Amino acid sequence: MKNKAKIGIIGAGRLGTAVARQSLKAGYEVAITNAHGPESLRLTLSVLLPGAVAMDVPDLIAASDIVILAIPLNQYSTLAPDSLAGKIVIDAMNYWPPTEGDIPEFMIEGVTTSEYLQQYFKGSRLVKTLNHVAYNELEEHSLPPNTPGRRAIALAGDDEDAKKEVEVFINDLGFDPVDLGSLSQGKKFQPDTPLFNARYTADDLR
Ligand SMILES: NC(=O)c1ccc[n+]([C@@H]2O[C@H](COP(=O)([O-])OP(=O)(O)OC[C@H]3O[C@@H](n4cnc5c(N)ncnc54)[C@H](OP(=O)(O)O)[C@@H]3O)[C@@H](O)[C@H]2O)c1
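Following our numbering from start to finish, the sequence shown increments by one per residue and tops out at 398.
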């Protein structure tokens, strides 16, 4: 059997810690980081995430098979453009103009935030997913495979193999993955769409 992917989460706030908890429950190795450095995560790890390890960003990226971006979107450029080359990257971020202000690169007509990030993070294998589920629901709505009514999580990306690996991860978190197509299809589950923060089964979501 194939080994489970090593998960690295950039961002240890609401979403990052929820994804970390569910990943640990599913038997994944988890590394996590924040803006204030590994030392600042000591209490979070011992109380909320026993078993996870804190690392700085370069070490976390090097150690991970799947890197999850769970930081405010306006922080993306603190990561170097070539820092994620070759990595499977889950873009779980959303653009919130009311709190983040106007960010011109995310206001380009016809270009989704994930498409922009795919161009910025050269050579990364970006998959947009997890962004449309509230952090607390990752635990509350998680169910074993084949449970009637199991919630679906959408994903979109241009790298088919990367999507396959991410689908395994989503399933292990307790959700039915639904591939909606190329990265441009991320527009279907960004904020202000019917899929955002809504609970659907895989059939309903499709
Ligand atoms: N909250 C949700 O339910 C939810 C659901 C789906 C998607 N999302 C998306 O996930 C992202 C994070 O949301 P959140 O609610 O988890 O935010 P949050 O609770 O404010 O947490 C943000 C985390 O990102 C870290 N961070 C900020 N800038 C960073 C940087 N440059 N490098 C490394 N770490 C950095 C912060 O570190 P410090 O703690 O050191 O400041 C903090 O741990 C957003 O894009 C949001 O749209 C959120």
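Cβ atoms here follow ideal geometry from the backbone N, Cα and C, with glycine treated the same way.
Since this is a predicted model, take the numbers as computed values, not measurements.
(1) What are the start and end residues of each continuous alpha helix (DSSP H) run of 4 or more residues lying completely inside the region 264-302, in chain order?
(2) Quick one: measure Cβ to Cβ for L322 and I345, integer angstroms, because I've assumed they're closer than 8 Å.
(3) Is the beta carbon of L241 less than 8 Å from the beta carbon of T209?
(4) Between which two residues does the alpha helix (DSSP H) containing V249 stretch?
(5) Using the Cα positions of Q377 and A348, report the straight-line distance between them to the nearest angstrom.
(6) Where I280 and F367 are concerned, what is the direct C-alpha to C-alpha distance, given to the nearest angstrom?
(7) For the beta strand (DSSP E) that A346 lies in, which residues bound it at each end?
(8) Does the region 217-231 come into contact with the region 244-262, if we say contact requires no fewer than three beta-carbon pairs (one atom in each stretch) closer than 8 Å?
(9) Going by DSSP, what residues sit across from A223 in a beta bridge?
(10) According to DSSP, which residues form a beta bridge with V370?
(11) Tell me where the beta strand (DSSP E) around T339 begins and ends.
(12) Below 8 Å on the Cβ atoms is my contact criterion, and I expect Q310 with L375 to pass it. Report the Cβ-Cβ distance as a whole number of Å.
(13) Can you tell me whether DSSP reads T236 as helix, strand or coil?
(14) What does the Cβ neighbour count give for M299, buried or exposed, with the cut at 16 atoms within 10 Å?
(15) Residue range of the beta strand (DSSP E) that R213 falls in?
(16) Would the C-beta of N195 count as close to ligand 3, meaning under 7 Å from any of its heavy atoms?
(17) For L252 versus F313, is the C-beta distance shorter than 8 Å?
(18) What residues in its chain sit with their C-beta under 6 Å from that of Y327, if we drop five residues either side in the sequence?
(19) Let's test the definition: count the other Cβ atoms within 10 Å of the Cβ of G293 and tell me whether it reaches 16, buried, or not, exposed.
(20) Answer with buried or exposed for V249, where buried requires no fewer than 16 other C-beta atoms within 10 angstroms of its C-beta.
(21) How big is the Cα-Cα spacing for L372 and Y308?
(22) Take Q267 and list the residues in its own chain whose beta-carbon comes closer than 8 Å to its own, dropping the five residues that flank it on each side.
In brief:
(1) 289-292
(2) Position 130 of the sequence shown, counting from 1, holds the residue named residue 322. Position 153 of the sequence shown, counting from 1, holds the residue named residue 345. That belief holds up - the Cβ atoms of L322 and I345 are roughly 7 Å apart, short of 8 Å.
(3) Translated into the one-based positions of the sequence shown, residue 241 becomes position 49. Translated into the one-based positions of the sequence shown, residue 209 becomes position 17. For L241 and T209, yes; Cβs fall inside 8 Å.
(4) Within the sequence shown, numbered from 1, the residue matching residue 249 stands at position 57. Note, V249: alpha helix (DSSP H), 249-255.
(5) For the purposes of this step, residue 377 is identified with residue 185 of the sequence shown, where counting begins at 1. For the purposes of this step, residue 348 is identified with residue 156 of the sequence shown, where counting begins at 1. Q377 and A348: Cα-Cα distance of roughly 6 Å.
(6) The sequence position of residue 280 within the sequence shown is 88, counting from 1. The sequence position of residue 367 within the sequence shown is 175, counting from 1. Near 19 Å, if we compare the C-alpha coordinates of F367 and I280.
(7) Locating residue 346 in the sequence shown gives position 154, where the first residue counts as 1. Counting along the chain, the beta strand (DSSP E) containing A346 begins and ends at 344-349.
(8) yes
(9) As a working note, residue 223 is residue 31 in the sequence shown. According to DSSP, which records beta bridges pairwise, A223 is partnered with G200, V245.
(10) Counting from one through the sequence shown, the residue named residue 370 turns up at place 178. Beta-bridge pairing links V370 to A346.
(11) As a working note, residue 339 is residue 147 in the sequence shown. Note, T339: premise wrong, no beta strand (DSSP E); not H, not E.
(12) For the purposes of this step, residue 310 is taken as residue 118 along the sequence shown, with counting starting at 1. For the purposes of this step, residue 375 is taken as residue 183 along the sequence shown, with counting starting at 1. Going by Cβ atoms, the distance from Q310 to L375 rounds to 6 Å, so yes, they are a contact pair.
(13) For this step, residue 236 is matched to residue 44 along the sequence shown. It is helical.
(14) On the sequence shown, position 107 is the one that residue 299 refers to. The residue is exposed, with fewer than 16 neighbouring Cβ atoms inside 10 Å.
(15) For the purposes of this step, residue 213 is taken as the residue at position 21 of the sequence shown. Note, R213: premise wrong, no beta strand (DSSP E); alpha helix (DSSP H) at 206-217.
(16) Although ligand 3 was asked about, the structure shown includes only ligand 1 as ligands.
(17) For this step, residue 252 is matched to residue 60 along the sequence shown. For this step, residue 313 is matched to residue 121 along the sequence shown. For L252 and F313, no; Cβs fall outside 8 Å.
(18) If you number the sequence shown from 1, residue 327 lands on position 135. Result list for Y327: R206, L207, A210, in chain order.
(19) Along the sequence shown, read from residue 1 onward, the residue named residue 293 stands at position 101. Burial call: exposed.
(20) If you number the sequence shown from 1, residue 249 lands on position 57. So V249 ends up on the buried side.
(21) Your numbering for residue 372 matches position 180 in the sequence shown. Your numbering for residue 308 matches position 116 in the sequence shown. Roughly 18 Å separates the two Cα atoms.
(22) Your numbering for residue 267 matches position 75 in the sequence shown. Closer than 8 Å at Cβ, skipping near neighbours: A227.
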